[in-house]
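Notes for the one structure printed next.
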Amino acid sequence: MIITKFLITIFVFFALSRVVLRFKESKVSLVALIGWVLLWSSVELIVWIPAAASSVAQILGIGRGADLIIYSSIVILFYLIFRIYVKFEDLERQITQIVQTVALKKQTDKPAGKSSK
Amino acid sequence: MKVLIIVPAYNEEKTIGVILGNLKALKIGEIKKEIVVVNDGSGDQTAKIAAKQNITLLNHVLNRGLGGALQTGFAYAKSRDADFVVTIDSDGQHDPKDIKKLLSPLLEGRADAVIGSRMLEGGKMPIDRRIINYLANLVTYLLWSVWITDTQSGLRAFTINAARKIDIKTNRMEVSSEFAKEIARNHFRVAEVPIRAIYTDYSRQKGQKNANAFNILVKLLIHKFADIK
Numbered sequence: 001m002i003i004t005k006f007l008i009t010i011f012v013f014f015a016l017s018r019v020v021l022r023f024k025e026s027k028v029s030l031v032a033l034i035g036w037v038l039l040w041s042s043v044e045l046i047v048w049i050p051a052a053a054s055s056v057a058q059i060l061g062i063g064r065g066a067d068l069i070i071y072s073s074i075v076i077l078f079y080l081i082f083r084i085y086v087k088f089e090d091l092e093r094q095i096t097q098i099v100q101t102v103a104l105k106k107q108t109d110k111p112a113g114k115s116s117k
Numbered sequence: 118m119k120v121l122i123i124v125p126a127y128n129e130e131k132t133i134g135v136i137l138g139n140l141k142a143l144k145i146g147e148i149k150k151e152i153v154v155v156n157d158g159s160g161d162q163t164a165k166i167a168a169k170q171n172i173t174l175l176n177h178v179l180n181r182g183l184g185g186a187l188q189t190g191f192a193y194a195k196s197r198d199a200d201f202v203v204t205i206d207s208d209g210q211h212d213p214k215d216i217k218k219l220l221s222p223l224l225e226g227r228a229d230a231v232i233g234s235r236m237l238e239g240g241k242m243p244i245d246r247r248i249i250n251y252l253a254n255l256v257t258y259l260l261w262s263v264w265i266t267d268t269q270s271g272l273r274a275f276t277i278n279a280a281r282k283i284d285i286k287t288n289r290m291e292v293s294s295e296f297a298k299e300i301a302r303n304h305f306r307v308a309e310v311p312i313r314a315i316y317t318d319y320s321r322q323k324g325q326k327n328a329n330a331f332n333i334l335v336k337l338l339i340h341k342f343a344d345i346k
């Protein structure tokens with residue numbers, strides 16, 4: 001059990017270092033950095049002091065600490081999917097803009113169609 | 118005066134020739150017309166057939182969907198000296214003669230945007246389409262507080278000033294509801310005129326799929342609540 005805890009801790013530190021590096025490269029905002037640090041810190045807390053999850057769960061009116069973890073994971077995953085979806089839409093729009101620019105550029109290289117009554 | 122007619126087309130080799138022939142034959146009094154086909158990355162003969170007609174052809178190197186094609190059409194319109202901009206489907210669903218009806222509220226100065234509604238004369242639309250259409254109108258109303266009897270209509274007309282203000286962001290079929298959003302955002306005076314829709318197996322197959330409705334709803338919600346540039 002203790003080995004699992006150490007492995008999770010190593011992973012958490014790895015994940016945190018990636019977030020900090022991306023923050024230093026200005027690829028992640030300060031708000032996102034704080035969010036990720038809070039998230040991974042709470043993972044660490046729960047790994048080493050599992051009773052902490054149960055106390056928070058009781059405060060929130062959720063039966064067990066394990067349930068709290070599952071519920072919050074689902075919420076976080078939904079949020080991340082939403083973010084990816086938004087990013088995807090953003091990329092789609094950028095591709096359209098490129099395609100549009102190419103189409104209009106090619107047109108300006110040619111004479112436009114005639115107007116007719 | 119001049120009207121610019123945007124015809125978005127994706128794999129429409131069966132119908133595009135006839136549509137363009139009918140559009141070219143259309144007389145709208147003294148109003149000149151420029152027909153702009155946006156070939157949306159078709160893999161068939163659409164571009165070749167369109168290129169043989171004396172029209173403006175804009176080619177997308179990739180398929181971007183109806184919204185993407187209309188964005189290109191509007192971007193082109195903004196650089197032209199037209200007075201009105203019309204959009205019409207290329208699947209043969211619309212009667213080009215209805216364009217005259219669409220332009221009259223604009224010519225009379227009664228409206229900035231006109232939607233050709235298939236719901237006003239009733240009876241012709243298949244029942245499943247009618248239900249989906251009503252739900253789409255309802256969603257559009259809830260999101261942007263504009264009631265249009267046929268938000269999904271592809272036959273629309275705008276004054277050039279209105280067309281210049283329109284900023285479409287969606288790529289695919291959800292663009293139809295986005296026009297309602299733009300009408301609301303820009304406070305356009307909107308008119309609806311009854312039009313005749315010609316439903317064939319071909320146009321039904323090419324048009325919106327009923328099962329697509331959920332996907333469209335999700336995208337509209339994303340665009341309502343997320344800030345997509």
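Residue numbers (my numbering), protein chains in the order written: chain A, 1 to 117; chain B, 118 to 346.
Just so you know, even glycine gets a beta-carbon here, dropped at the ideal spot from N, CA and C.
Every value quoted in this text rests on a predicted model; they were computed, and no experiment measured them.
Partner residues on chain B for residue i, Cβ-Cβ distance less than 9 Å
{"i": "A:A32", "result": "Residues of chain B passing the Cβ test: none, with the nearest at roughly 16 Å."}
Within chain A, partners of residue i - CB distance below 8 Å
{"i": "B:Q95", "result": "Summary: the structure shown does not reach residue 95 of chain B, with chain B confined to residues 118 through 346, and so no result is reported for it."}
Residues that residue i contacts on chain B, provided the C-beta gap is smaller than 7 Å
{"i": "A:V28", "result": "Under the 7 Å cutoff, chain B gives no residues; its nearest Cβ is about 18 Å from A:V28."}
{"i": "A:V102", "result": "V178"}
{"i": "A:E92", "result": "N288"}
Given residue i as reference, the closest of the options once Cα atoms are compared
{"i": "B:N332", "options": "B:V155, B:N288 and B:N139", "result": "B:N288"}
{"i": "A:V118", "options": "A:L60, A:R64, A:K87 and A:L16", "result": "Given a span of 1 to 117 for chain A in the structure shown, any question on residue 118 of chain A remains unanswerable."}
{"i": "B:T276", "options": "B:G146, B:L179 and B:A194", "result": "B:A194"}
{"i": "A:I8", "options": "A:L45, A:S72, A:A51 and A:Q58", "result": "A:L45"}
{"i": "B:I312", "options": "B:R306, B:I166, B:G271 and B:H304", "result": "B:G271"}
{"i": "B:A168", "options": "B:G184, B:K298, B:V154 and B:A142", "result": "B:V154"}
{"i": "B:W261", "options": "B:K336, B:L237 and B:A297", "result": "B:A297"}
{"i": "B:E295", "options": "B:N176, B:G185 and B:M118", "result": "B:G185"}
{"i": "B:L338", "options": "B:I300, B:V292 and B:F305", "result": "B:V292"}
{"i": "A:I95", "options": "B:V178, B:Q162, B:I166 and B:A301", "result": "B:V178"}
{"i": "B:T268", "options": "B:A314, B:I172, B:V203 and B:L252", "result": "B:L252"}
{"i": "B:Q170", "options": "B:S159, B:D161 and B:V135", "result": "B:V135"}
{"i": "B:L237", "options": "B:K165, B:A301, B:A314 and B:F305", "result": "B:A314"}
{"i": "B:P304", "options": "B:A230, B:R235, B:E130 and B:G160", "result": "Here residue 304 of chain B is His; the residue named in the question, Pro, does not match the sequence. Comparing Cα-Cα distances from B:H304 to each of B:A230, B:R235, B:E130 and B:G160, the minimum goes to B:A230."}
{"i": "B:G190", "options": "A:W36, A:V102 and A:V31", "result": "A:V102"}
{"i": "B:S234", "options": "B:N250, B:E225, B:D245 and B:G226", "result": "B:N250"}
{"i": "B:T163", "options": "B:M290, B:E130 and B:L259", "result": "B:E130"}
{"i": "A:W40", "options": "A:T108, A:R18, A:S29 and A:S26", "result": "A:R18"}
{"i": "B:N254", "options": "B:R181, B:R302, B:S196 and B:A330", "result": "B:A330"}
{"i": "B:K149", "options": "B:I283, B:R181, B:D161 and B:F201", "result": "B:F201"}
{"i": "B:K165", "options": "B:F342, B:I133, B:R281 and B:N278", "result": "B:I133"}
Cross-chain neighbours of residue i in chain B, by beta carbon under 8 Å
{"i": "A:L77", "result": "Those do not exist, as A:L77 stays about 17 Å from chain B at its closest Cβ, beyond 8 Å."}
{"i": "A:I95", "result": "L179 and R181"}
{"i": "A:V136", "result": "This structure does not reach residue 136 of chain A, given that chain A is present from 1 up to 117, and the question cannot be answered."}
Contact set between residue i and chain A, taken where Cβ atoms lie within less than 7 Å
{"i": "B:I339", "result": "Y85, V86 and E89"}
Rounded distance between the beta-carbons of residue j and residue i, thought under 8 Å
{"i": "A:A53", "j": "A:G65", "result": "3 Å"}
{"i": "B:I248", "j": "B:I122", "result": "No, B:I248 and B:I122 are not in contact; Cβ-Cβ is about 31 Å, not under 8 Å."}
{"i": "B:Y316", "j": "B:P243", "result": "6 Å"}
{"i": "B:K285", "j": "B:L187", "result": "According to the sequence provided, residue 285 of chain B is Ile. The question's Lys does not apply to it. That belief holds up - the Cβ atoms of B:I285 and B:L187 are roughly 6 Å apart, short of 8 Å."}
{"i": "B:V124", "j": "B:S207", "result": "5 Å"}
{"i": "B:A308", "j": "B:A228", "result": "4 Å"}
{"i": "B:I145", "j": "B:L220", "result": "7 Å"}
{"i": "B:A192", "j": "A:L104", "result": "6 Å"}
{"i": "B:L174", "j": "B:N156", "result": "6 Å"}
{"i": "B:E147", "j": "B:M118", "result": "7 Å"}
{"i": "B:V256", "j": "B:L334", "result": "6 Å"}
{"i": "B:K218", "j": "B:V310", "result": "5 Å"}
{"i": "A:D67", "j": "A:A51", "result": "With a Cβ gap of about 15 Å, A:D67 and A:A51 do not count as contacting."}
Closer than 7 Å: residue i CB and nearest the ligand SAH heavy atom
{"i": "A:L77", "result": "This structure lacks the ligand SAH, and indeed carries no ligand of any kind."}
Legend entry - Start-end ranges of the beta strand (DSSP E) lying completely within the segment 205 to 270 of chain B, minimum 3 residues: 230 to 234
Legend entry - Unbroken stretches of the beta strand (DSSP E), 3 residues or longer, contained in the segment 123 to 193 of chain B: Complete beta strand (DSSP E) runs here, min 3: 149 to 157 and 173 to 177.
Legend entry - Against chain A: residues of the segment 176 to 204 of chain B by CB proximity under 7 Å: For the segment 176 to 204 of chain B, which is checked against every Cβ of chain A, the residues closer than 7 Å are N176, H177, V178, L179, R181, G185, Q188, T189, A192 and Y193.
Legend entry - Interface positions of the segment 279 to 291 of chain B facing chain A (Cβ-Cβ less than 7 Å), listed along the chain: K286 and N288
Inset, instruction - At 4 residues or longer, and completely inside the segment 40 to 74 of chain A: list those alpha helix (DSSP H) runs for me, N to C. - result: Runs of the alpha helix (DSSP H) inside the segment 40 to 74 of chain A: 50 to 60.
Inset, instruction - Please go through the segment 265 to 308 of chain B and give each complete alpha helix (DSSP H) segment of 4 or more residues, from N-terminal end onward. - result: 277 to 282 and 292 to 302
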